[in-house]
Structure formats: structure tokens, C-alpha cells
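Enquirer: Here the first sequence is numbered in our numbering, starting from 1080 and rising by one per residue. Idealized CB from N, CA, C, for every residue including glycine. Quick one: this structure, given as C-alpha cells, is what I'll be asking you about.
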Amino acid sequence: MELYDTYRREIHKFIPISKESVSLYACGPTVYDYAHLGNLRSYLFVDVLRRVLELNGFQLNHVMNITDVGHLTSDADSGEDKMEKGARKQGKSAWDIAKFFEKAFFDDLDYLGIKRPTTICRATEHIPEQIEYVEILQQRGYTYQTSDGVYFDTAKLPSYGKLAKLDIEGLQAGARVDIGEKKRVTDFALWKFSPDGQRQMQWSSPWGEGFPGWHIECSAMSEKYLGNKFDIHVGGEDHIPVHHSNEIAQCEGRHDHQPANFWMHGYFLQLGKEKLSKSGKSLLLSELINQGYDPLAFRYLVLTSHYRSHLQFSIKALDSAATALKRLTKMLSQWPDGGELSVEFVRQFMQCINSDLKTPQALAVLWAVTKSALSDADKKATILYFDQVLALSLERQPVVETVPQAVLDLAEQRQQARAAKHWQQSDELREQILKLGFAVKDSPQGCILAKI
RNA sequence: GGCGCGAUGACAGAGUGGUUAUGUAGCGGACUGCAACUCCGUCCACGCCGGUUCGAUUCCGACUCGCGCCUCCA
């Protein structure tokens, strides 16, 4: 299979380091708030990647971090701590906040059919590893200290910023934030001293009481669980210029090479003209579920676009995805089991997904199967094979609704009216049933009631 | 201000130097008491101006517009 590597800006054949398993590190959430739909798109991308690798026969060693340390509100290493701010707002401890939003995050992943990583690691549970990492960088001469922390000296690394094609001079000139005591705009904190007053989260270190910088946790934990060279590192596109550039710098500072063979990035979901963000506009999966949407309709919508292009979210687009998904599950539920895979369609499907995860084309293959000359049983078997990657739960039976007695009574009355050809009365009864939230569909076997 | 990316039909979104996905919506028809569902058929596109070419939506250049990052962010 072939995957796009941001570092080389090219598609390359994927060859794992070990035949035993694929090592995959995914940047996880900072758990100080709910994940919005944009965040979730990124985890859907990782899930598709993982399922495609698995369908190709690879075992996965999938590690994801949970950033439960506060850090600061800006990459300029200044401003207020997000976690502590959230804690103060809600009157809870920073630790409680982290635990609460971590659970909410995994609930969302479950709704979307996203597989859990094989290893989940929390930043607060790996403080010694992070301190050790900084110590080694210090010994190797890549750090300097200011009044508020220990910083990585990016000037010591000629290759700094290659991933993002950063123009250091340009950044320096165009910087919109005060760089404080930092020597260079791209320098970043490895360890921060506790500011005035006590923080809820702080630890002792060779440099004093404080807390780790944002980027060091990923370097320390990926190395602990996957070694200093692993197969794939994934994250959102926003991580390219800062977070991942800094992770590479840290690894090069310690090992003289960058940590991953492939860097893959999921692109943003956009809401109209506005970008989703945690501080500004946000849209939650739980809101859609409360409005009656199947969460997997969102998954379908995400699959209709390629992970490396922006996706314009709208309720209209979600509706069209929901309709398409409903039609598919309905079709599948009416087809018999026991069919055989279509070798040709499976080949086409694999060709799509193995070519840098082309899920839009893969869905087109799926629809081609539904319209093909195959038997219904073979169509079903083939499509369910695809569903190992799509994970749209296409095999589920349509939900059996509990219909209130009042609705059943009205439906019975309507049947009688229809039998008597009292069409006007029949239509009025249908209106009444509709107001109670049920649609009426007549069939030769009687009428079918479906919740709207 | 600096760096990068993109402009495809009503919407979302693929792809391609000539045969122009896919889904939803629309339209026409079948079915239905009327609908819904389903089925059959069908319309609509490649921002603008030049260039290369037998031929460009696809390649190159300018322009216009939009977006992302350089604050938080997936």
C-alpha cells in the first residue's frame, strides 16, 4: 500500500520496520474541554488508517497520548494554563477536569465506531521520562534556561522546520507575539517553572518546581512505547508547523534522526466560512445525537472526502450522508446471508483504500456493487467485507421502534377508513399520526409506522 | 506583515490531456386512493484571462476570490 508522507511531501510505498507489527503514534486530545466535530474528524482518519492496515494483514501497535497536563494557552509559552483555567471555571480540580473530558472523548469515539488504541498513555503518568529526555537534551547542548523555563535552542539544529518548510527568517520578521526571553521565535519550552502561586499540577525537577512543555510528552512517550524510530506518526494539520516540528527537533537533538518513517496529517473540517476551534465556534457530536442524528452519518460524511482535503460541514451535507447511510442499511437488511465475495469488486476497493486511503472512491465502488449484476447475497457479503474499513455498522438491523398505543389505535382507525375508501378521513388520521412523530408507509402487507 | 494551500454542477465531494466518479437534492415516468418506500430514466460543472497542444476542467503564467498557519486548535 501507498501513503502520503508530509515530511517528504510525496506518496511512498509503505514498508513497515518490523514484519510483526506496525508502530503507529497518534497525537491525542488535550482533555480540558469536549472534542468538537473537527477534532473527531481527525480521529476518524486515524481509525481508517488503522483499519486499512489491519485489512492488509498488519498487526497494530497503536499508541495515543492523553494530554492531561495544563500547559499554557499559547505556543509562545505565555498566557494562562488551559487546564487550570477550566478547573477554576467549573470549580473542580485540574485532575477531575482531565478525567471527566477523557471519558467524554472516549464516549464520542465509541459512537463513531473508532477502535481504541492498543496503548493509551497520559502525560502526567510519564513525568520522569520527560525529565530524563530534557536532561539528555541539556547534556547534548540543545537547551538554555531563562527566568521562566528551560528552552530548546532551535538555532543549534540546522534542519529545524524541514517538515513544515518553515521559513525561520520570515517567521522571525512576521511574528505577532512577543517572544519574551527566547532567543529565537521558534525556540520552545521543555520545562516551565511554576508561575506565581501554586499550580494544581506541578512536579520537582533538576531545574525546580514546574511542569513539562507541551511537545516533550509525545517524544518521551512515543520513544518509551515504540522506540526512537517507528513507522507512522499522525496528527492534525495544525501540528505540522509547531508541535511536530518540535517533536522532530527533540528527537534529532537526542538521537540525530527524526522519529517516524511516515508523517500523516488529517485536514480540518470547516464549518461554513468559520473554522472550528475550542476557543471559538464549536460543534459537538452529542448535540447532533440529541437532534436525532445517527453518529455514523457523520462518519459516512467524513468518508466521502479525502483526509487530506478540507471538508465543508453543514447540516445539509450531514442530511445527505444520513439518507445515503439509511438506504444502505435498509438494502443490506433485506438481502440474504451466505453470499460470496466478489473478487473483482474487492480488488477495486482495496486498490482505492491502499492508495493513500481514497475513501471517496471506495464508497463509489460500494455503490457500484449495489447496482451490479451480483446476487443480493454476494452483494451483501462483499459490502460487509468493505465495512471492516468503513465501519458503518451496515449489518445492523433497522431499529425496532416501540410505537405508542395511541399511534397504533390511530393507525388501526386509518386502516378501517382506507378499507371503506374514506380517503379524506384516512389523510386526516395520517396527519395526526405524523404529529405524534411517526410516518406512515402503506404496503401490501399493511401499514408500516416509522419514527421520524 | 511572513509562509503555505485551494477554486468542480443546487449541496457535499472524487477524478482526468480527448471517453467528464459517487451520494443527496431536482425533474420525468412506473407503483400508490393520494403519499411514503422502491424501481426506471434524466438535467446541471470544471473562477477569470492568456500560453503550450490536433485537443485543457486537467499542464504553465498572470489575475480575482477564498482558506489555513504564524494566538487556542485536530
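Kindly indicate which residue of A1452, S1102, E1331, Y1104 has the alpha-carbon position closest to the one of S1238.
Expert: Of the listed residues, the one whose Cα sits closest to S1238 is E1331.
Enquirer: Any heavy atom of the ligand FAD closer than 7 Å to the beta-carbon of R1263?
Expert: For the ligand FAD, the structure offers nothing, since it holds no ligand at all.
Enquirer: What did DSSP end up calling K1437 once you bin it into helix, strand or coil?
Expert: Looking at K1437 - three-state DSSP - the assignment turns out to be coil, as it is neither helix nor strand.
Enquirer: For L1082 versus F1465, is the C-beta spacing smaller than 8 Å?
Expert: No, Cβ-Cβ distance for L1082 and F1465 is not below 8 Å.
Enquirer: Look at the alpha carbon of R1263 and the alpha carbon of A1177, and state the distance between them as a whole number of angstroms.
Expert: Going by the C-alpha atoms only, they are around 32 Å apart.
Enquirer: Go ahead and pull the three-state DSSP assignment for S1301.
Expert: Helix, per DSSP.
Enquirer: Just to confirm the assignment: which complete beta strand (DSSP E) runs, minimum length 3, are found wholly within the stretch 1352-1438?
Expert: List check, beta strand (DSSP E) in window: 1390-1392.
Enquirer: Do you know whose CA, among S1273, Y1104, A1243, G1117, lies nearest S1324's CA?
Expert: The shortest Cα separation from S1324 among S1273, Y1104, A1243, G1117 belongs to A1243.
Enquirer: If you scan the stretch 1231-1267 from start to end, which runs of the beta strand (DSSP E) of 3 or more residues do you find wholly inside it?
Expert: Counting only runs of 3 or more, we get nothing.
Enquirer: At what residue ranges does the stretch 1088-1113 contain a whole run of the beta strand (DSSP E), taking only runs of 3 or more?
Expert: The qualifying runs are 1089-1092, 1100-1105.
Enquirer: In this structure, does DSSP put A1499 in helix, strand or coil?
Expert: In this structure, A1499 counts as coil in the three-state DSSP scheme.
Enquirer: Which residues in the same chain as S1121 place their Cβ atom closer than 6 Å to its Cβ, once the five residues preceding and following it in sequence are excluded?
Expert: If we look at S1121 and ignore the five residues flanking it on each side, its Cβ neighbours are G1315, G1345.
Enquirer: Locate the beta strand (DSSP E) running through A1339, then write down its first and last residues.
Expert: Per DSSP, A1339 belongs to the beta strand (DSSP E) from 1339-1345.
Enquirer: Restricting to Cα atoms, I'd like to know which of H1334, T1085, E1248, G1170 is closest to Q1279.
Expert: Ranking the options by Cα distance to Q1279, first place goes to G1170.
Enquirer: What is the DSSP secondary structure of W1174, reduced to helix, strand or coil?
Expert: Helix.
Enquirer: When DSSP labels each residue in this structure, what does I1327 get in the three-state scheme?
Expert: Three-state result, I1327: helix.
Enquirer: Give the straight-line distance between the Cα atoms of L1348 and V1313, rounded to the nearest whole angstrom.
Expert: Between L1348 and V1313, the C-alpha separation is close to 16 Å.
Enquirer: Based on Cα-Cα distance, which residue from L1515, L1489, S1102 lies nearest to Q1504?
Expert: Looking at the Cα atoms, L1489 is the closest of the given residues.
Enquirer: State the start and end residues of the unbroken alpha helix (DSSP H) segment that holds G1516.
Expert: It is not in any alpha helix (DSSP H) - G1516 carries neither H nor E in the DSSP assignment.
Enquirer: To the nearest angstrom, how far is the alpha carbon of R1497 from that of K1459?
Expert: The straight-line gap from Cα to Cα measures roughly 37 Å.
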